[in-house]
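Scroll down for the structure; my scribbles are underneath it.
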Amino acid sequence: MGLTKYIFITGGVLSGLGKGLVTCSIGKMLEVRGYKVTAIKCDPYLNVDA
Numbered sequence: 333m334g335l336t337k338y339i340f341i342t343g344g345v346l347s348g349l350g351k352g353l354v355t356c357s358i359g360k361m362l363e364v365r366g367y368k369v370t371a372i373k374c375d376p377y378l379n380v381d382a
């Protein structure tokens with residue numbers, strides 16, 4: 333398990349798609365199998381009004 337691997341979960345602007353639930357589920361399944369998991373949330377949308 334020496335190599336770092338990345339999984340990207342993306343979605344649209346609709347908030348109720350379940351991206352967080354899917355991310356947590358995949359992360360937990362990987363942790364159970366012995367992988368070290370870190371979830372990072374980023375918002376790549378450039379909001380000029382904020």
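Position one of the sequence shown corresponds to residue 333 (the numbering used here), numbered consecutively onward. Ideal placement from N, C-alpha and C gives every residue a C-beta, glycine not left out.
Query - Coil, strand or helix - T355 by DSSP - result: helix
Report task. Compare the beta carbon distance of K351 and I341 with 8 angstroms and say whether it is the shorter of the two. Result -> yes
Requested in this report: Using a threshold of 8 angstroms, state whether the C-beta atoms of L362 and V354 are closer than that.
Outcome: no
Query - Secondary structure of M364, DSSP reduced to three states - result: Here residue 364 turns out to be Val, not Met, going by the sequence shown. If DSSP states are grouped into helix, strand and coil, V364 belongs with the helices.
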